[in-house]
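I have placed the structure first, in the form of structure tokens, so that the comments after it can refer back to it.
Number of protein chains: 2
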Amino acid sequence: MLTYELIKKDDATGARAGILHTPHGDFETPLFMPVGTQASVKAVSPDELRDLGASIILGNTYHLFLRPGMELMREAGGLHKFMRWDRGILTDSGGFQVFSLGALRKITEEGVEFRSHIDGSKKFLSPEISVAMQTALGSDIVMAFDECVPYPADHSYAENSLHRTQRWAERCKKAMTRDDQSLFGIVQGGMYKDLRSESVMRLNEMELPGYAVGGLSVGEPKEMMYEVLEYTTEMMPSDKPRYLMGVGTPDCLVEGVARGIDMFDCVFPTRVARNGMAMTHTGRLVMKNSDFTHDFCVLEEGCGCYACRNGFTRSYIRHLVRAGEIFGLRLLSLHNLWFLVNFMKDMRAAITEGRFTEFRKNFWDKYEYGKKR
Amino acid sequence: MLTYELIKKDDATGARAGILHTPHGDFETPLFMPVGTQASVKAVSPDELRDLGASIILGNTYHLFLRPGMELMREAGGLHKFMRWDRGILTDSGGFQVFSLGALRKITEEGVEFRSHIDGSKKFLSPEISVAMQTALGSDIVMAFDECVPYPADHSYAENSLHRTQRWAERCKKAMTRDDQSLFGIVQGGMYKDLRSESVMRLNEMELPGYAVGGLSVGEPKEMMYEVLEYTTEMMPSDKPRYLMGVGTPDCLVEGVARGIDMFDCVFPTRVARNGMAMTHTGRLVMKNSDFTHDFCVLEEGCGCYACRNGFTRSYIRHLVRAGEIFGLRLLSLHNLWFLVNFMKDMRAAITEGRFTEFRKNFWDKYEYGKKR
Chain D
16 MLTYELIKKD DATGARAGIL HTPHGDFETP LFMPVGTQAS VKAVSPDELR DLGASIILGN
76 TYHLFLRPGM ELMREAGGLH KFMRWDRGIL TDSGGFQVFS LGALRKITEE GVEFRSHIDG
136 SKKFLSPEIS VAMQTALGSD IVMAFDECVP YPADHSYAEN SLHRTQRWAE RCKKAMTRDD
196 QSLFGIVQGG MYKDLRSESV MRLNEMELPG YAVGGLSVGE PKEMMYEVLE YTTEMMPSDK
256 PRYLMGVGTP DCLVEGVARG IDMFDCVFPT RVARNGMAMT HTGRLVMKNS DFTHDFCVLE
316 EGCGCYACRN GFTRSYIRHL VRAGEIFGLR LLSLHNLWFL VNFMKDMRAA ITEGRFTEFR
376 KNFWDKYEYG KKR
Chain S
16 MLTYELIKKD DATGARAGIL HTPHGDFETP LFMPVGTQAS VKAVSPDELR DLGASIILGN
76 TYHLFLRPGM ELMREAGGLH KFMRWDRGIL TDSGGFQVFS LGALRKITEE GVEFRSHIDG
136 SKKFLSPEIS VAMQTALGSD IVMAFDECVP YPADHSYAEN SLHRTQRWAE RCKKAMTRDD
196 QSLFGIVQGG MYKDLRSESV MRLNEMELPG YAVGGLSVGE PKEMMYEVLE YTTEMMPSDK
256 PRYLMGVGTP DCLVEGVARG IDMFDCVFPT RVARNGMAMT HTGRLVMKNS DFTHDFCVLE
316 EGCGCYACRN GFTRSYIRHL VRAGEIFGLR LLSLHNLWFL VNFMKDMRAA ITEGRFTEFR
376 KNFWDKYEYG KKR
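Residue numbers (my numbering), protein chains in the order written: chain D, 16 to 388; chain S, 16 to 388.
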């Protein structure tokens, strides 16, 4: 079972530093979780993940349910063993992915029937099947099977959806069988305060070991996301970890932490790496840009990532990206993951040392959102 | 300057164990050189190359000449520094690639005019330009700019080509400027013993630090390749290293070593890795094969490669390959390179311990050529 220990609460904001105690180790929060969709964080090895400081990674139930499937994951002894990762794993429920299939899925109270994106075959996921799959995966944190309300959605749609999500969360709880796994409930309710409030209250009654905020970063303006996040986290219990799903740009991480979020995940760092982008404290670098042709500096001065500490230059990485060399996207993936994981550590230090507001101000002074050199 | 030290000559065959003394280290021969065409051994880091025991890697002059170009390689301080590799580098001359362009190139006595495969622009390579580029690259071993005779070719074609290759080798020697670089001549002459003999004799007169056998493994039957190799190496000086270009399957390595070859290179191990194949002492494994679905053994029992020593199973690697995950081809590349580099080390030990004939027999007893499980 997972527990959350609050170490320090910031005076001026909702930011907090804590420790997640899990069956695979104790991890300092706030933290960023790299995404390993198909039992691999794209292009990166477990050793490299450990080296860059990753503590919990995310696996996708939808993808692993389709391939290699529940039977094989059982036979393999779970995801930790299958992919050789001995720290924490959180698995999502597959809900977000099947709802994203649009016309290819049909929702009933029982669950969701859908067509596999791999071979078009008919499949079915329900709260019970999602939990069974996550049980086979053996993740430390099991996410409840929910419906992620799209944006925009009217109040009655969001309310009906929320109620189903709640009923499904209760079915998920009943389906849990392993005491080394912890179920997180997901707060939904669209952009409506009354619904978010109802969701928090009803999940809270379930006394789950942790709670996520879902249904954000789905196309709404960032200011709206921050507003919903602010009133939602204020209502959430302070003795449980809070996870903001699918968010991972530096600006959102700072503002999420400021609103009391402890855990984040996003494909962003590895996806932009594969598109030739490097993340830095001042913005993004588009490595194909000719500015870097003769640039023999590392990606970011003072960075401790594999690429920077070994002296791989911007000029070299630009060459690799242009030539389509896999090693280029590997170096950028390692850099970007290091950047985000350690950005969280820096924020945590700022919180424990009582200077988070200063950290946040410094960040915004330097950071150019979406800057593309 | 590079020198070759003969340590042990096999009694029954042409096999020999030696040491190559280079400006970037002393390397035991026979050895296999991984290919880093575009300043990167595909998907593999310099650290990983060191870990798997690689001593010399190969860089391609043609590709690096087109991108990033001679100017940038000069500015970067050479290929070692650019790609962060501190052991040996051999660069080919670009000759093989430009001749392979077929209709896109025009050969004169001065050199070869060709169209870039990247943007179609007109380019020119000559013995002097190839050496200038390899000088900028700073490779330990510079290959002479030659014409690789195709198979089949008639005697007069092979003879004319050989004579031009010889004149070009002499121009290459004159163009050399750095005393930390060593020029290797390339024996040509098609499948004709008299021409191979003439080529060896005339290159020998140039007193170069090493010699390669070119124009083999170009489509001729293997038995013919072994025959040409046998009489060619018998004529070559024994105090210089001998390099068989572009050959890297286990069977050819054993037979090449048996005929006195010291150095090999080939894209084979990394290319088949990207196609989902694993090399083993008994043949190749096609990882997509459903035989491996429930196979929780490592690729090859007793293998010390990154993938095998860390317990990544055939089942997991099969999953990665089917899912198109980069980490799958990384694991297979590391395994295949480890396999070949260490296969050479095992052969060397067999030579120094006087049991090479036994090694060769054992190999052929177990090995199924092209076996695809």
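Glycine included, every Cβ here is placed at the ideal spot set by N, Cα and C.
Cα-Cα separation between residue i and residue j, rounded to whole angstroms
i: S:Q196; j: S:I34; result: 17 Å
i: S:V243; j: D:S55; result: 47 Å
i: S:E368; j: S:F358; result: 15 Å
i: S:C312; j: D:M148; result: 24 Å
i: S:P284; j: S:L349; result: 9 Å
i: D:K387; j: D:E86; result: Here D:K387 scores only 42 on pLDDT, less than 50, and its place in the model is too uncertain to base an answer on.
i: S:E43; j: S:P265; result: 18 Å
i: D:G228; j: D:R329; result: The question names Gly, but residue 228 of chain D in the sequence shown is Val. Each residue's alpha carbon lies about 37 Å from the other.
i: D:G326; j: S:F354; result: 29 Å
i: S:N219; j: S:H78; result: 30 Å
i: D:F114; j: D:E235; result: 18 Å
i: S:L300; j: D:H309; result: 43 Å
i: D:Y19; j: S:G103; result: 52 Å
i: S:E238; j: S:K381; result: 20 Å
i: S:K57; j: D:M251; result: 48 Å
i: D:E316; j: D:M302; result: 16 Å
i: S:K138; j: S:L116; result: 12 Å
i: D:I144; j: D:G200; result: 16 Å
i: S:M98; j: S:A190; result: 25 Å
i: D:G40; j: S:V336; result: 30 Å
i: D:D161; j: D:V59; result: 30 Å
i: D:G84; j: D:A151; result: 10 Å
i: D:R289; j: S:N290; result: 20 Å
i: S:D277; j: S:K121; result: 34 Å
i: S:C187; j: S:V233; result: 24 Å
Cross-chain neighbours of residue i in chain D, by beta carbon under 8 Å
i: S:A393; result: Missing from the structure shown is residue 393 of chain S; chain S here goes from 16 to 388 and no further.
For residue i, the residue or residues it bridges with in DSSP
i: S:F374; result: Note: S:F374 sits in no beta bridge, so no partner.
i: D:K137; result: D:R130
i: D:V157; result: D:T106 and D:L198
i: D:D12; result: Nothing can be reported for residue 12 of chain D: it is not among the residues displayed for chain D, which extend from 16 to 388.
i: S:H36; result: S:T18 and S:D41
i: S:I122; result: S:V127
i: D:T295; result: D:G298
i: S:Y382; result: DSSP output for S:Y382 lists no bridge partner at all.
Interface residues of chain D facing residue i [CB-CB closer than 9 Å]
i: S:F49; result: For the record, residue 49 of chain S in the displayed sequence is Pro; it is not Phe. By Cβ distance, chain D contributes nothing, its closest Cβ being about 13 Å from S:P49, past 9 Å.
Chain D residues whose Cβ lies nearer than 7 Å to that of residue i
i: S:S131; result: Per Cβ cutoff of 7 Å: no residues; S:S131 is ~13 Å from chain D at best.
Contacts that residue i makes with chain S (C-beta to C-beta distance below 7 Å)
i: D:P83; result: H334
Own chain, CB closer than 8 Å to residue i, minus 5 neighbours either side, in chain order
i: D:D194; result: M16
i: D:A322; result: V313, L314, I332, L346, L347, L349 and H350
i: D:S214; result: L177, T180, Q181, V202, Q203 and G204
i: S:E63; result: Y321 and L349
i: D:A338; result: none
i: S:H170; result: G205, Y207 and L210
Residue i beta carbon near the ligand FAD (any heavy atom closer than 7 Å)
i: D:D280; result: This structure simply doesn't include the ligand FAD, nor any ligand for that matter.
Same chain only: Cβ atoms within 6 Å of residue i, ignoring 5 sequence neighbours per side
i: S:V356; result: F47, L67, G68 and A69
i: D:E383; result: G298
i: S:T52; result: N75 and H78
i: S:E245; result: R274
i: D:L223; result: L198 and G200
i: S:V127; result: V113, R120 and L140
Within chain S, the residues that residue i reaches when beta carbons sit closer than 9 Å
i: D:T308; result: P83 and L87
i: D:S60; result: Y321, N325, F342, R345 and L346
Under 8 Å from the C-beta of residue i: neighbouring residues of chain S
i: D:Q53; result: H334, L335, A338 and E340
i: D:K57; result: E340, I341 and F342
Own chain partners of residue i with C-beta closer than 7 Å, once the 5 adjacent residues on each side are dropped
i: S:F307; result: R329, S330 and R333
i: D:T247; result: V202, R211, V215 and V228
i: D:A168; result: G205
i: S:S131; result: L81 and K138
**OP:** With 8 Å as the limit, tell me which residues of the segment 95–111 of chain S have their beta carbon closer than that to any beta carbon of chain D; keep them in chain order.
**Re:** So the close ones are F97, M98 and R99.
Subject >> Residues, ordered as in the chain, of the segment 336–349 of chain S that lie near chain D by beta-carbon distance below 8 Å >> reply: R337, A338, E340, I341, F342, G343, L344 and R345
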